[in-house]
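Q: Residue numbers (the working numbering): 16 to 349.
For every residue, glycine included, the Cβ atom is placed at its ideal position computed from N, Cα and C.
1. Look at the alpha carbon of residue 344 and the alpha carbon of residue 255, and state the distance between them as a whole number of angstroms.
2. Take residue 128 and list the residues in its own chain whose beta-carbon comes closer than 7 Å to its own, dropping the five residues that flank it on each side.
3. Once you ignore the five residues that flank residue 205 on each side, which residues in its own chain have a CB closer than 6 Å to its CB?
4. In chain order, what residues of the same chain have a beta carbon less than 7 Å from the beta carbon of residue 245, not counting five sequence neighbours either side?
5. Among the candidates 81, 272, 348 and 194, whose CA atom is the shortest distance from the CA of residue 337?
6. Contact check, residue 132 vs residue 113 under 8 Å by CB: the rounded distance?
7. Taking DSSP as the reference, what is the three-state secondary structure of residue 281?
8. Could you check what DSSP says for residue 34 in three-state terms: helix, strand or coil?
9. With a CB to CB cut of under 6 Å and the five nearest residues on each side skipped, what residues in its chain are close to residue 156?
10. Roughly how many whole angstroms lie between the Cα atoms of residue 57 and residue 285?
11. Quick one: what's residue 17 bridged to in DSSP?
12. Evaluate contact between the segment 289-307 and the segment 202-218, counting only Cβ atoms and requiring at least three cross-stretch pairs below 8 Å.
13. Whole angstroms are fine: how far does the CA of residue 45 sit from the CA of residue 384?
14. Relative to the alpha-carbon of residue 88, which residue among 137, 99 and 236 has its alpha-carbon at the smallest distance?
15. Between the alpha carbons of residue 141 and residue 152, how many angstroms are there, rounded?
16. For residue 256, which of helix, strand or coil comes out of DSSP?
17. Considering only residues of the same chain and omitting the five flanking positions on each side of residue 294, which have a CB-CB separation below 6 Å?
18. Going by CA-CA distance only, name the one from 340, 234 and 224 that's closest to residue 105.
19. Between the segment 90-107 and the segment 31-41, are three or more C-beta pairs nearer than 8 Å?
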C-alpha cells in the first residue's frame, strides 16, 4: 500500500511504521520531525498538526491508499486532517481507545457499550475519553464508511511510553524483595503494539471498516503470569512479595493502578480486563506469546534506554514511595 502515518515516532505510531516497512508498504509520515529521525525508507513530511496550513503545505498534492492516525489530544486536529485528506485517501484508520466507553464499564462489554460524549471540533484535550471520542467522530464525519476505529485496550510491547512494563522491569532489575499487588491470579487483558499494528494494516489493505475493540483475549494471562515471566526472561534475582490491595492503600502505595486493577480510592473497577474481542478476532486479530512481548520489550529498553516521560502524565519515577514500600516489606517479613 501507499501509506500515510500521522505521527510515527512514538509507541503505536513507531510500530505502525516499522510493520508497514516490513510488509513492503510505501510509507510517508507526517510529524514535526523533533522526536526521532525518520526510519530508513520513510518519506518524512514535516508539519505541526495543530496548524492546518502547515499540514496542507506538507501534504502537497499527495494521495494515499490508507492513512493511520494515533492522535490523542484536541479532536479539532483530527477533524482538520480528515478534511484535508478525505478526497485523497481511500481508508482512514484511527487508533482509538476503550476509554471512549462511559464509566463504569460493563463486564464483558463489546463495541456496543455506552459511549462518552465527544465534540469533533473541540480544542479540549484534558479529558482523554472525550478527546478520543471526538477524534472518532471527526474521522466518521469525513470518511464515513471508509473509516476504521480501533478501540485498543492496554497496549504493551516495545516503545511503550506509558511506563507500565518498562517501570516494572526497572523495579525488578534492582533485585531483592519487591512488592506486588495481590492476588496474583488477577486476570489481565492487553495487546502487543506490534499485533495491533499488523491488524490495522491488514484491515486497511482489505478495506475493512467499522468499529472494533482491539485487545487480547480475556483470561489469557494473570498478573502473576506477567511478573513471573518478566523474571524468567530477564533472569533477575528478585522475590515478589504479594500484598493485598487494602494493605497497599493503607500505606499509600498505588500498586495495581498502573494496570487498571484499582482506582485511586482503592476500589476495583469492572470491565477493565474482560472485554469481548470476538469481532476483531473474527477479522483476523492474533496475539503473540507473552514471553515474546516481554523479552522484546526488555531488549529494546536495554538498547535504547528508558523512554522520556510523557508530558500528559506523571513521571513513572514519582509513582511509588520507596520508603513506604520498604516499611511495608519490613512489616510483612515479621
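A: Taking the definition as stated:
1. Looking up residue 344 in the chain shown gives position 329. Looking up residue 255 in the chain shown gives position 240. Each residue's CA atom was taken as its position, placing residue 344 and residue 255 some 10 Å apart.
2. Locating residue 128 in the chain shown gives position 113, where the first residue counts as 1. Closer than 7 Å at Cβ, skipping near neighbours: 116, 120 and 121.
3. Working through the chain shown from its first residue, we reach residue 205 at position 190. The residues are 169, 171 and 231.
4. Position 230 of the chain shown, counted from the first residue, corresponds to residue 245. Only 183, 184, 187 and 309 meet the Cβ criterion.
5. Walking along the chain shown from the start, residue 337 turns up at place 322. Distance check between residue 337 and each of 81, 272, 348 and 194 places 194 closest, using alpha-carbon atoms only.
6. What you label residue 132 is simply residue 117 of the chain shown in a count that begins at 1. What you label residue 113 is simply residue 98 of the chain shown in a count that begins at 1. Not confirmed; about 16 Å, so no contact.
7. Start at 1 with the first residue of the chain shown, and residue 281 comes out as number 266. It is coil, neither helix nor strand.
8. Here the question's residue 34 lines up with position 19 in the chain shown. Here residue 34 sits in helix by DSSP.
9. Here residue 156 refers to the residue found at position 141 of the chain shown. Counting only Cβ-Cβ distances below 6 Å, and skipping sequence neighbours, we find 135.
10. Within the chain shown, numbered from 1, the residue matching residue 57 stands at position 42. Within the chain shown, numbered from 1, the residue matching residue 285 stands at position 270. Each residue's CA atom was taken as its position, placing residue 57 and residue 285 some 42 Å apart.
11. One-based indexing of the chain shown puts residue 17 at position 2. Paired residues: 41.
12. Short answer: they touch.
13. Because the chain in this structure spans residues 16 to 349, residue 384 falls outside the shown range and cannot be described.
14. As a first step, residue 88 must be located in the chain shown, where it is residue number 73. Cα-wise, what sits closest to residue 88 is 137.
15. For the purposes of this step, residue 141 is taken as residue 126 along the chain shown, with counting starting at 1. For the purposes of this step, residue 152 is taken as residue 137 along the chain shown, with counting starting at 1. Roughly 17 Å between the two C-alpha positions.
16. Translated into positions along the chain shown, residue 256 becomes position 241. Looking at residue 256 - three-state DSSP - the assignment turns out to be strand.
17. As a first step, residue 294 must be located in the chain shown, where it is residue number 279. Answer for residue 294: 227, listed in chain order.
18. By one-based count along the chain shown, residue 105 stands at place 90. Ranked by how close their Cα comes to the Cα of residue 105, the residues 340, 234 and 224 have 224 in first place.
19. Using a C-beta cut-off of 8 Å, the segment 90-107 makes no contact with the segment 31-41, since fewer than three inter-stretch Cβ pairs fall below that distance.
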